[in-house]
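Protein sequences, first through last, are from chains A and B.
The numbering used here applies: residue 11 is where the first sequence begins, and numbers increase by one.
The numbering used here applies: residue 11 is where the second sequence begins, and numbers increase by one.
By construction, the Cβ of each residue, glycine as well, lies at the ideal position given by its N, Cα and C atoms.
Everything below concerns the one structure shown next.
There are 2 protein chains.
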Amino acid sequence: MAVVKPDVNLSELFDRARRASRGLARAERNATLLAIADELIAHSQEILSANTLDVEAERNKGTAASLLDRLTLNVKRLADIAQAVRLIAALPDPLQRIQDGWQLDNGLRIKKMTVPFGVIGMIYESRPNVTVDAASLSLKAGSAAILRGSANALNSNRVLVRVMRQALTKAGLPADVIQLIDSPERRLVTELLEARGKVDLVIPRGGASLINHVVQNAKVPVIETGVGNCHVFVDSSAKLKHAQEIILNAKVQRPGVCNSAETLLVHQDVAETFLPDALAALSEQGVELFACERSRQFYPQAAVASEADWATEYLDFKLAVRVVNDLDEAIDHINQYGSQHSEAIVTESLENARRFQDEVDAAAVYVNASTRFTDGFVFGFGAEIGISTQKLHARGPMGLAEMVTHKYLIDGQGQIR
Amino acid sequence: MAVVKPDVNLSELFDRARRASRGLARAERNATLLAIADELIAHSQEILSANTLDVEAERNKGTAASLLDRLTLNVKRLADIAQAVRLIAALPDPLQRIQDGWQLDNGLRIKKMTVPFGVIGMIYESRPNVTVDAASLSLKAGSAAILRGSANALNSNRVLVRVMRQALTKAGLPADVIQLIDSPERRLVTELLEARGKVDLVIPRGGASLINHVVQNAKVPVIETGVGNCHVFVDSSAKLKHAQEIILNAKVQRPGVCNSAETLLVHQDVAETFLPDALAALSEQGVELFACERSRQFYPQAAVASEADWATEYLDFKLAVRVVNDLDEAIDHINQYGSQHSEAIVTESLENARRFQDEVDAAAVYVNASTRFTDGFVFGFGAEIGISTQKLHARGPMGLAEMVTHKYLIDGQGQIR
């Protein structure tokens, strides 16, 4: 069982993180990441034993199998985690990149260069692999990480963090580059979110309620991630075979993730030809359907959708279905109910494709493809810390490029104004 | 006198802004800006009369002359304001810029393109020119503006906004692209700051207390601007003539702005040669000095600095002075007390210049130049909405490039995952 430390002093922890972060941009971050990967493998037994404690405690509570699976580590998964750290080491350095540079008439030379945030807080749920992933990406980006996982993974997270800290020490870096908030107390999350000036950025990763709690309480800069109420709109000119493949893929290939589709919108002109087959195919895959009255004319087996269905991120084998009069109604529906994550149109109309991409307000807007592609690895970023659904700083899949900030370096020879 | 409308309904105002913002990216924004400039000139008399009401009301309250001056418009200043709008029209369009683009192995083509935020709120103080400036930059950036000026400029702001809205209508755009929160009630600021999902970004522009209020209360994304506790560090190898010119310029050329210097740090090895002359020159310019004990050995006329002086943004003819042992102590002092705005070292040492630029955590880090250059116009951005002192999204001078966000456009031919 987790031993709660009631006297966790976050203020000291923040100061230690700040001190540890100094100079990280100029340290051997890649060698350290490789040391972390090695240390994780070397301590497999210890990590898996701690993880077993967490999994057993949850099993005794009667936690659902899918959640137990997310929490569970094994030799193969731990090897994958270590391998992911090695891949992060192999990525290009996001720091010290000159993004722009120019000279003023007075001879001043200005460079815009990427630099670390400093101290990054991560608040996340269940999966212990996020502990290693977040710490490694922060380190690569030159920032100290303050990790706050969920209570049910505390034993796993403790050992993972201890092992990573050992690797930091061996590599000659301060262990405080990676710190865990080692207590399940909720007030500590609030304290982290209010640590203005102490913590430069907090990234929450988890379900809608976690994200909402963070956004409502944060006084520090935050990047909202991962709530996806995504739509597929089948336009009147769509190739219906493509449309059916896309909605099936977007819904059932992995329904528990944020880029899966939650509502199918269908142009009225193709509702009769498209809906019976498409909805039968979805139903056959175990998808429960919640449909508007017009849709139910063509597929009466579907349940009746309520207003709440349009706004729901099911993350499950469930799909809302609605017939719309035209492209405008589809765009309006998406802009009203969507979470600005990933939206797709299936169409052969150049004009409608252009209008959909212009007028839908979302991080990723697809023409004739599944929403499931919104992912840092798929996009080729080599890493992903989350998928931002906000407009400030990062939008869409976030890789290392979004985990750094910049400064202006200005070189003169005595210039005054 | 201002007529307070107690029933201002911000929720409706936000919805009108959202509707007005749709399609703005594809509207004739530059022609509309020129129409705004013309309309401002055509209504000079009306604007100046309203402004006189504001100025007289403040004069009767016994407001300081410098503040009255900031509030005052006249024919020349109004012409400058209109000219600034024309210059904004002439700037390159920040929207629809393809920032990156690539193809995946499966044939999907991804483009990263700049798009508007949507609805931008501006909260600012006294100066009525900000009303036009903020509205024009928002329009250029494709976003609807919600303006909240200070109570003492309400008559001026009302007429300025009415005139700009007339221009919008004449140009065929919705008047609600520009809206004023037409009441001095404080709760409306709070409502604006809590309008998550309704307002995409709030930019506060004003003094430390305004910025702090916004940052503490905002549930919407915010870009912090303009608090500048800036330092000039004179290293042991500095050309002392340059050093004196730079600190004089950084302090006295315009002490009321955020990029002016507030503390002078001097390496102990040059304190004796540098301080007597430099401090006498500053004193001669009317600068009040607050110095550490070691500095006062060389200039006893200075007052004794307290801890609070290191943390104070005077925005006045006042300067804190401190002798430090070395570069490390200078960097530590700046990182402890600075506001991450603009910091300068005067040095002939390549190594110390590099270390200062690397290790000082600020938006703009200068070698051998005055901190006064941190400015969107000086940097060549052609506009400035503020100077960001945060690390998320924008850091340092913010022009149009920082007033837009981006989306990913993905084009496929039926791809699924």
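Assuming residue i and residue j make a contact with CB atoms under 8 Å, what is their CB distance in whole Å?
i: B:Leu402; j: A:Leu202; result: That belief does not hold up - the Cβ atoms of B:Leu402 and A:Leu202 are roughly 16 Å apart, past 8 Å.
i: B:Val242; j: B:Ile256; result: 6 Å
i: A:Cys240; j: A:Ala271; result: 5 Å
i: B:Cys268; j: B:Gly236; result: 5 Å
i: A:Leu78; j: A:Leu58; result: The pair is not a contact, with the Cβ atoms about 15 Å apart (cut-off 8 Å).
i: B:Val225; j: A:Lys208; result: Going by Cβ atoms, the distance from B:Val225 to A:Lys208 rounds to 14 Å, so no, they are not a contact pair.
i: B:Arg405; j: A:Thr124; result: Rounded, the Cβ-Cβ distance is 11 Å, inconsistent with contact.
i: B:Ala6; j: B:Pro231; result: Beyond the ends of chain B as shown, which are 11 and 427, falls residue 6 of chain B; an answer cannot be given.
i: A:Ala151; j: A:Leu410; result: 6 Å
i: B:Gly396; j: B:Ile133; result: In fact, because the Cβ distance is near 11 Å, the residues do not count as touching under 8 Å.
i: A:Val129; j: A:Ile98; result: Actually they are not in contact, since the Cβ atoms of A:Val129 and A:Ile98 sit about 19 Å apart, beyond 8 Å.
i: B:Phe284; j: B:Ala253; result: 6 Å
i: A:Val430; j: A:Ala281; result: The shown model of chain A, from 11 to 427, leaves out residue 430 of chain A, and the question about it has no answer.
i: A:Ala60; j: A:Arg168; result: 7 Å
I want to verify the contact list: residues of chain B whose CB lies under 8 Å from the CB of residue i, in sequence order.
i: A:Thr415; result: Lys401, Leu402, Arg405
i: A:Ile51; result: Correct list: empty, because the minimum Cβ distance to chain B is about 30 Å.
i: A:Asn259; result: Ile426, Arg427
i: A:Glu255; result: Gly424, Ile426
i: A:Lys249; result: Gly424
i: A:Phe387; result: Here the premise fails: no neighbours, minimum Cβ distance about 11 Å.
Give the residues of chain A in contact with residue i, contact being defined as C-beta atoms less than 8 Å apart.
i: B:Pro428; result: Residue 428 of chain B is absent from the model: chain B starts at 11 and stops at 427.
i: B:Gln263; result: Ile426, Arg427
i: B:Tyr347; result: Residues of chain A passing the Cβ test: none, with the nearest at roughly 12 Å.
i: B:Ala476; result: Residue 476 of chain B lies beyond the stretch modelled for chain B, which goes from 11 to 427, so this question has no answer here.
i: B:Arg36; result: Asp368
For residue i, go through chain B and note every residue whose CB falls closer than 7 Å to its CB, in chain order.
i: A:Ser380; result: Gln425, Ile426, Arg427
i: A:Asp210; result: Lys401
With which residues is residue i paired in a DSSP beta bridge?
i: B:Tyr376; result: A:Ile420, B:Ala354
i: B:Tyr134; result: B:Arg215
i: B:Ala271; result: B:Cys240
i: B:Thr415; result: B:Val125
i: A:Asp500; result: Here chain A covers residues 11 to 427 and nothing more, so residue 500 of chain A does not appear.
i: B:His277; result: B:Val334
i: A:Ile430; result: Nothing in the structure corresponds to residue 430 of chain A, since chain A is present only between 11 and 427.
i: B:Gln254; result: Partner(s): none; B:Gln254 has no beta bridge.
i: A:Gln425; result: B:Ala379
Along chain A, which residues have their Cβ under 9 Å away from the Cβ of residue i?
i: B:Ile8; result: With chain B covering only 11 through 427, there is no way to say anything about residue 8 of chain B.
i: B:Val375; result: Lys417, Tyr418, Leu419, Ile420
Taking residue i as the query, report the chain B residues whose CB atoms sit under 9 Å from its CB, ordered along the chain.
i: A:Arg206; result: Val225, Gln226
i: A:Gly390; result: Trp112, Leu114, Ile120
i: A:Phe127; result: Lys401, Leu402
i: A:Phe327; result: Ordered by position in chain B, no residue passes the 9 Å Cβ test against A:Phe327, which lies about 17 Å from the chain.
Starting from residue i, trace the alpha helix (DSSP H) both ways and give me its first and last residue.
i: A:Val232; result: Note, A:Val232: premise wrong, no alpha helix (DSSP H); not H, not E.
i: B:Ser349; result: Counting along the chain, B:Ser349 falls outside any alpha helix (DSSP H), and DSSP gives it neither H nor E.
i: A:Pro407; result: Careful: A:Pro407 lies outside any alpha helix (DSSP H), inside the beta strand (DSSP E) at 406-408.
i: A:Val65; result: 54-70
i: B:Lys150; result: 139-150
i: A:Glu38; result: Element bounds for A:Glu38: n/a, residue is neither H nor E.
i: B:Arg264; result: From DSSP, B:Arg264 is part of no alpha helix (DSSP H); its letter is neither H nor E.
i: A:Phe389; result: Element bounds for A:Phe389: n/a, residue is neither H nor E.
i: A:Ser31; result: 20-31
i: B:Val450; result: Coverage of chain B is limited to positions 11 through 427, which leaves residue 450 of chain B absent and any answer about it impossible.
i: B:Ser76; result: 75-81
i: B:Leu360; result: 360-369
Kindly list, in the order they appear in chain A, the residues whose Cβ is closer than 7 Å to that of residue i.
i: B:Gln367; result: Leu419
i: B:His252; result: Gly424
Hey, is residue i close to the ligand SAH, as in C-beta under 7 Å from one of its heavy atoms?
i: B:Gln295; result: This structure lacks the ligand SAH; in fact it carries no ligand of any kind.
Item to check | Complete runs of the alpha helix (DSSP H) confined to the region 152-222 of chain B [at least 4 residues] | outcome: 164-180, 196-203
Checklist entry - Where are the alpha helix (DSSP H) runs, 4 residues long or more, that stay fully inside the region 298-338 of chain A, in chain order? => result Correct list: 303-308, 317-320.
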